[in-house]
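Numbered according to this note's numbering, the sequence shown spans residues 1175 to 1274.
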Amino acid sequence: MKKGFLDKVEDNAALFYRDYGDLPYLPDVKVDKYLFRALAQYWNPAYSYFTFEKVDLVPTVEEYTTLLCCPRIQADKAYSRATNVLTFLKRLISITGISE
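Shown next as structure tokens:
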């Protein structure tokens, strides 16, 4: 059976969302300029995280798995068992800019 026009549109929308996620909505996000200035003062560009006096705010495993869209990582366990470690590491390396 042939796919109808609406089926193709839904497929294209799913592919677009898979490739770009929420990126097209980013320009519509309202930013508090005072909050942005305050956060910029605490940003450490050398290490790409926020530093508040002696406390460094580095992303956790849960935050990395959300950012990298790798839901198979079991970060809620005493040990982390990933079913697709290579994909996770490749995405993590590409985002953080670390060389292999």
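Cβ coordinates follow ideal geometry from the N, Cα and C atoms, glycine included.
In the displayed model, residue 1223 falls within a strand according to three-state DSSP. In the structure shown, residue 1230 falls within a strand segment according to DSSP collapsed to helix, strand and coil. When the beta-carbon positions are compared, residue 1218 and residue 1224 come within less than 8 Å of each other.
Inter-residue distance for residue 1198 and residue 1190 is about 10 Å (C-alpha atoms, whole angstroms). Boundaries of the alpha helix (DSSP H) around residue 1213: 1207-1216.
Look at residue 1267 here: in three-state DSSP terms it is helix. Assignment of residue 1193 by DSSP, reduced to helix, strand and coil, places it in the helix class.
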